[in-house]
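Beneath this line is the structure, given in C-alpha cells, with notes to follow.
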Amino acid sequence: MASLKTPTLKSPPLSLSSESRLPSAFSATFPNNIRFARSLPQRRFLIITASAASFSNKPTVLVAEKLGEAGLTLLKQFTNVDCSYNLSPEELCTKISLCDALIVRSGTKVNREVFESSGGRLKVVGRAGVGIDNVDLAAATEHGCLVVNAPTANTVAAAEHGIALLAAMARNVAQADASVKAGKWQRNKYVGVSLVGKTLAVLGFGKVGSEVARRAKGLGMHVISHDPYAPADRARAIGVELVSFEVAIATADFISLHMPLTAATSKMLNDETFAKMKKGVRIVNVARGGVIDEEALVRALDAGIVAQAALDVFTEEPPKQDSKLVQHERVTVTPHLGASTMEAQEGVAIEIAEAVVGALKGELAATAVNAPMVPAEVLTELKPYVELAEKLGRLAVQLVAGGSGVKTVKVSYASSRAPDDLDTRLLRAMITKGIIEPISSVFVNLVNADYTAKQRGLRITEERIILDGSPESPLESIQVQIANVESKFASAISESGEIKVEGRVKDGIPHLTKVGSFEVDVSLEGSIILCRQVDQPGMIGRVGSILGEENVNVSFMSVGRIAPRKQAVMAIGVDEQPSKESLKKIGEVPAIEEFVFLKL
14 MASLKTPTLK
24 SPPLSLSSES
34 RLPSAFSATF
44 PNNIRFARSL
54 PQRRFLIITA
64 SAASFSNKPT
74 VLVAEKLGEA
84 GLTLLKQFTN
94 VDCSYNLSPE
104 ELCTKISLCD
114 ALIVRSGTKV
124 NREVFESSGG
134 RLKVVGRAGV
144 GIDNVDLAAA
154 TEHGCLVVNA
164 PTANTVAAAE
174 HGIALLAAMA
184 RNVAQADASV
194 KAGKWQRNKY
204 VGVSLVGKTL
214 AVLGFGKVGS
224 EVARRAKGLG
234 MHVISHDPYA
244 PADRARAIGV
254 ELVSFEVAIA
264 TADFISLHMP
274 LTAATSKMLN
284 DETFAKMKKG
294 VRIVNVARGG
304 VIDEEALVRA
314 LDAGIVAQAA
324 LDVFTEEPPK
334 QDSKLVQHER
344 VTVTPHLGAS
354 TMEAQEGVAI
364 EIAEAVVGAL
374 KGELAATAVN
384 APMVPAEVLT
394 ELKPYVELAE
404 KLGRLAVQLV
414 AGGSGVKTVK
424 VSYASSRAPD
434 DLDTRLLRAM
444 ITKGIIEPIS
454 SVFVNLVNAD
464 YTAKQRGLRI
474 TEERIILDGS
484 PESPLESIQV
494 QIANVESKFA
504 SAISESGEIK
514 VEGRVKDGIP
524 HLTKVGSFEV
534 DVSLEGSIIL
544 CRQVDQPGMI
554 GRVGSILGEE
564 NVNVSFMSVG
574 RIAPRKQAVM
584 AIGVDEQPSK
594 ESLKKIGEVP
604 AIEEFVFLKL
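Structure below.
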C-alpha cells in the first residue's frame with residue numbers, strides 16, 4: 014500500500030474562490046490499495062492498484078434497480094454489467110463479492126453488511142438520483158468505497174412536476190376529474206383561483222427551486238424566496254426577491270418547498286409556522302416529506318388556514334391507505350413522481366453511469382459524497398483539530414440571523430509550524446462542512462468541499478499566523494469569521510463587524526475560547542448556551558438552577574467580561590437540549606440582555 018513519508022500532507026493554504034485548485038502535490042492512502050494522486054494540472058485521479066485478477070478483465074457492475082437504456086449502454090462499453098433486480102438483502106450480499114461497482118436507486122439498502130460482504134472488492138456505489146439515505150456512508154468510507162450520486166439530471170423534471178401540481182391544485186383538476194368519472198357534473202363546486210398576480214414563496218432556491226421560480230414568473234406570479242445560501246445576484250437575474258423565512262411564509266399566497274431534509278428543516282412547517290401564514294395559503298411539496306409536520310398540516314387544512322395542498326412526497330412512503338392527509342378532499346397527491354419523466358430517467362442513468370465508469374477508470378467525480386481515507390498518522394494528529402474546525406463552522410453559521418446570506422468566510426490558523434509543514438485543506442473542508450451541512454442535503458468532505466462551496470457562492474479565504482515556539486502541536490488556535498451578515502447574538506460581532514468565533518484543542522478536546530470580543534473557555538461537547546449579561550454576583554447560580562430544575566446537566570461554564578461589573582458573556586455547555594420553557598426562563602432573568610442556544 015502506498016503511504017506518505019511524513020505525517021502531514023504538504024501543500025500551501027488555498028482559497029475556496031472560483032480560482033482555487035487542489036494542491037498539486039497530493040497523495041493519500043486509501044484502503045484496498047487505492048491511492049489518490051494528482052498528475053495533471055486541473056484534474057484529480059483515483060489510482061487503483063488492485064490485484065491483477067481484478068483487472069485482467071473488465072470490472073463488473075451490478076445494477077440492482079432499473080436503469081435507463083442509455084446508461085446501460087455506456088456501462089457496457091467499459092464494464093461487464095449484471096442487471097439483477099429485486100434482490101433480497103441476502104442475495105445482494107452474496108452477489109456483491111463478485112462486483113467492483115454497484116448501482117442502486119432508492120429501494121435498495123446498501124448497509125454495512127453489504128460492504129463487509131464485498132470482501133474489499135467493491136470500489137464504487139452509484140446512487141441513481143440525489144438522496145443517499147439508503148447508503149451507509151460511514152461504512153463505505155471505512156471499506157474504501159467511493160459513493161457517487163446523480164444530483165443534476167432530474168432538476169427540470171422535478172421543477173415541472175412542481176408547477177404541474179401548483180396549477181392542478183389551483184384549478185381542482187384532480188378532484189374535478191374524479192367527480193366527472195363518478196358521473197357528476199359539479200362546475201360550481203370546483204371553481205379555482207388564478208395564479209396571475211399571486212405571490213409564490215419558494216423555500217429553497219437551489220437547482221429545482223430556481224427552475225420553479227423561472228416557470229412561475231412566466232405564469233405571471235410574483236416570486237419571493239428564502240434560502241440563506243442563495244446568491245442575491247442570481248435571484249435578481251430572474252426577478253426573484255430574497256426575503257427572510259418569516260416574511261416568506263407570512264406574505265405568500267402559494268408556498269413551494271424545495272429544501273433538503275436535515276435536522277434544521279425537519280417539520281419546518283408545523284403548527285407554529287402554519288399559524289403565521291396568510292389564511293387560505295396553498296402549499297406544494299416536491300422536496301422531502303419530512304419537512305412538513307403532516308398531522309399539523311391536516312389541522313391547518315381543517316381550520317382553513319391552508320386552503321389546499323399538493324404533495325408528491327411523504328414522511329412514510331408509500332403512506333398508509335387510511336392517511337387523513339392523503340384522503341383529505343383538498344389535498345392533491347402523487348406517488349413521488351418528481352423525477353419520473355422519460356428524459357429525466359435517461360439523464361440520471363447517463364449521469365450515474367459516467368460517474369461510476371469514471372471512478373473505475375481512475376477519475377474522481379465532483380459528485381462524490383463520502384470522504385477518502387487519508388493516512389492514519391495524519392488523521393491521528395489532526396483528529397481533534399478536524400473536530401474543532403467543523404464545530405466552529407457549525408457555531409458560526411448558527412449565529413447568523415435568519416435573513417442573512419453567508420458568502421464570505423475568513424479562517425485564521427495560528428501555528429508554530431512552517432507554512433509548508435501543515436496542510437490545512439482537511440481543516441478548511443471541515444469548516445465548510447460545518448457551515449453548509451446544517452441546512453443542506455450535501456455531504457461535504459475533503460473530496461467535494463471546494464466544489465460545494467463554489468456552487469453556493471461561498472468564498473472561504475485562509476491566513477496563517479506564524480507563532481514563535483515549539484511546533485510539536487499542529488495548531489495553537491483556529492478562528493472563523495463570517496463577514497457582511499447580521500447576528501442573532503449581537504455579542505458575537507467583533508469590533509471589525511464580523512461574526513467571530515475562535516477555538517483551540519486542550520488535552521485532546523476542542524474548546525471554544527472566544528466569541529466576538531469576549532474571552533470564554535468551554536468544551537465543545539453537547540450543546541452551548543451563550544448569554545450576554547450584566548456582570549454581577551449570582552448569575553451562574555441562577556442560570557444553573559433553571560437548568561437543574563429540568564435535569565439538564567451542565568458540563569462546563571465560563572464567563573468572559575470586559576471589566577468587573579460591566580458586560581460579560583457566559584458560555585454554558587449542556588449535555589441535553591433544554592426545553593423552550595427553560596430557555597424562556599433564562600431569557601427572563603433581568604440581568605441577561607440576550608442569549609442563544611447552539612446545537613453541536
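Under our numbering, the residues of the sequence shown are numbered 14 to 613, in order.
For each residue, glycine too, the CB sits at the ideal point set by N, CA and C.
Among Gly516, Thr286, Val399, the one whose alpha carbon lies nearest that of Lys637: Given a span of 14 to 613 for the chain in the structure shown, any question on residue 637 remains unanswerable.
So Ala323 and Val297 are supposed to be a Cβ contact under 8 angstroms. How far apart are they, rounded? By 1-based counting over the sequence shown, the position of residue 323 is 310. By 1-based counting over the sequence shown, the position of residue 297 is 284. Confirmed, about 5 angstroms.
Does the distance from the C-beta atom of Lys404 to that of Leu613 stay below 8 angstroms? As a first step, residue 404 is located in the sequence shown; it is residue number 391 there, counting from the start. As a first step, residue 613 is located in the sequence shown; it is residue number 600 there, counting from the start. In this structure, Leu613 lies closer than 8 angstroms to Lys404 by Cβ.
Buried or exposed: Thr393, going by 16 or more other Cβ atoms within 10 Å of its Cβ? Translated into the one-based positions of the sequence shown, residue 393 becomes position 380. Looking at its Cβ environment, which holds fewer than 16 other Cβ atoms inside 10 Å, Thr393 is exposed.
Should Thr278 be labelled buried (16 or more other beta-carbon atoms within 10 Å of its own) or exposed? Along the sequence shown, read from residue 1 onward, the residue named residue 278 stands at position 265. The residue is buried, with at least 16 neighbouring Cβ atoms inside 10 Å.
Is Ile491 near Leu596, with beta carbons less than 8 angstroms apart? Position 478 of the sequence shown, counted from the start, is the residue given in the question as residue 491. Position 583 of the sequence shown, counted from the start, is the residue given in the question as residue 596. In this structure, Leu596 does not lie closer than 8 angstroms to Ile491 by Cβ.
Just grab the DSSP bridge partners of Asp95 for me. As a first step, residue 95 is located in the sequence shown; it is residue number 82 there, counting from the start. In the DSSP output, where bridge partners are listed per residue, Asp95 has Leu75.
Local conformation of Thr445 per DSSP, three classes: Numbered from its first residue, the sequence shown carries residue 445 at position 432. DSSP places Thr445 in helix when its eight states are reduced to three.
Taking the CB atoms as reference points, tell me whether Ser428 and Leu480 lie closer together than 8 angstroms. Position 415 of the sequence shown, counting from 1, holds the residue named residue 428. Position 467 of the sequence shown, counting from 1, holds the residue named residue 480. Cβ distance < 8 angstroms, so Ser428 and Leu480 count as in contact.
Going by beta carbon distance, what residues of the same chain come within less than 7 angstroms of Ser119, once the five residues before and after it are set aside? By 1-based counting over the sequence shown, the position of residue 119 is 106. Same-chain partners within the cutoff: Gly142, Gly144, Asn147.
Starting from Ala581, trace the alpha helix (DSSP H) in both directions and tell me its first and last residue. Start at 1 with the first residue of the sequence shown, and residue 581 comes out as number 568. Premise fails: Ala581 lies in the beta strand (DSSP E), 580 to 587, not in any alpha helix (DSSP H).
Taking just the CA atoms, how far does Ala604 sit from Ile585? Position 572 of the sequence shown, counted from the first residue, corresponds to residue 585. Position 591 of the sequence shown, counted from the first residue, corresponds to residue 604. Each residue's alpha carbon lies about 16 angstroms from the other.
Residue ranges of each alpha helix (DSSP H) within the region 109 to 154, 4 or longer: 125 to 130
List the whole-angstrom C-beta distance separating Lys579 from Asp548, where the pair is believed to meet the contact cut-off of C-beta under 8 angstroms. Counting from one through the sequence shown, the residue named residue 579 turns up at place 566. Counting from one through the sequence shown, the residue named residue 548 turns up at place 535. Yes, Lys579 and Asp548 are in contact; Cβ-Cβ is about 6 angstroms, under 8 angstroms.
Please determine if the region 85 to 105 and the region 332 to 345 are in contact, where contact requires at least 3 C-beta pairs separated by less than 8 angstroms. no
How close, in whole Å, do the beta carbons of Thr380 and Ala368 come, if the pair is a contact with beta carbons under 8 angstroms? The sequence position of residue 380 within the sequence shown is 367, counting from 1. The sequence position of residue 368 within the sequence shown is 355, counting from 1. Sure, about 5 angstroms apart at Cβ, within 8 angstroms.
My output table needs one value for Asp266: the three-state DSSP class, helix, strand or coil. Numbered from its first residue, the sequence shown carries residue 266 at position 253. Coil.
Cα-Cα separation between Val498 and Ala414, rounded to whole angstroms: Residue mapping note: residue 498 aligns to position 485 of the sequence shown, counting from 1. Residue mapping note: residue 414 aligns to position 401 of the sequence shown, counting from 1. If you take the alpha carbons of Val498 and Ala414, they lie about 7 angstroms apart.
Is Pro523 helix, strand or coil by DSSP? What you label residue 523 is simply residue 510 of the sequence shown in a count that begins at 1. Residue state, collapsed to three classes: strand.
Tell me the DSSP secondary structure of Phe11 in three-state form. No statement about residue 11 is possible, as the shown extent of the chain runs from 14 to 613 and does not include it.
Which residues in the same chain as Gln321 place their Cβ atom closer than 6 angstroms to its Cβ, once the five residues preceding and following it in sequence are excluded? The count along the sequence shown starts at 1 and reaches residue 321 at position 308. The residues are Met182, Arg295, Arg343.
Between Thr328, Arg140, Val518, which has its C-alpha nearest Gly303's C-alpha? Looking up residue 303 in the sequence shown gives position 290. Residue Thr328 is the option with its Cα nearest to Gly303.
DSSP three-state call for Glu485: helix, strand or coil? Taking the sequence shown and counting its residues from 1, the one referred to as residue 485 is at position 472. Here Glu485 sits in coil by DSSP.
Cβ pair count under 8 angstroms reaching 3, the region 151 to 161 against the region 172 to 181: no
Would you call the region 239 to 248 and the region 211 to 220 touching, i.e. three or more CB-CB distances under 8 angstroms? yes
Cα-Cα separation, Thr474 to Lys420: Within the sequence shown, the letter at position 461 stands for residue 474. Within the sequence shown, the letter at position 407 stands for residue 420. Roughly 11 angstroms between the two C-alpha positions.
Under the criterion of a Cβ to heavy atom distance below 7 angstroms, does Tyr203 qualify as lining the ligand ATP? Looking at this structure, you won't find the ligand ATP or any other ligand, since it has none at all.
What does a CB cutoff of less than 6 angstroms around Ala496 pick up in its chain, not counting 5 residues either side in sequence? Working through the sequence shown from its first residue, we reach residue 496 at position 483. Cβ neighbours of Ala496 beyond the five flanking positions: Thr421, Glu511.
Quick one: what does DSSP say His239 is sitting in, helix, strand or coil? Here residue 239 is taken as the residue at index 226 of the sequence shown, counted from 1. Three-state result, His239: strand.
For Val304, name the three-state secondary structure that DSSP assigns. Taking the sequence shown and counting its residues from 1, one reaches residue 304 at position 291. Correct three-state label for Val304: helix.
Whole angstroms is fine: what's the gap from Leu150's alpha carbon to Val138's? Working through the sequence shown from its first residue, we reach residue 150 at position 137. Working through the sequence shown from its first residue, we reach residue 138 at position 125. Answer to the nearest angstrom: the Cα atoms are 10 angstroms apart.
Per DSSP, which one or two residues make a beta bridge with Met570? Your numbering for residue 570 matches position 557 in the sequence shown. Answer is Ile585, bridged to Met570.
Would Gln411 be called buried (16 or more neighbouring beta carbons within 10 Å of its own) or exposed? Locating residue 411 in the sequence shown gives position 398, where the first residue counts as 1. The residue in question, Gln411, is buried, as its Cβ has 16 or more Cβ neighbours within 10 Å.
Looking at the secondary structure, which residues open and close the beta strand (DSSP E) in which Ile491 lies? Looking up residue 491 in the sequence shown gives position 478. That run of the beta strand (DSSP E) goes 490 to 496.
Can you give the Cα-Cα distance for Ser192 and Lys292, rounded to whole angstroms? For the purposes of this step, residue 192 is taken as the residue at position 179 of the sequence shown. For the purposes of this step, residue 292 is taken as the residue at position 279 of the sequence shown. Each residue's alpha carbon lies about 27 angstroms from the other.
Given that a residue counts as buried once 16 or more other Cβ atoms are within 10 Å of its Cβ, and exposed if not, what is Ile522? For this step, residue 522 is matched to residue 509 along the sequence shown. Ile522 is exposed by the Cβ-count criterion.
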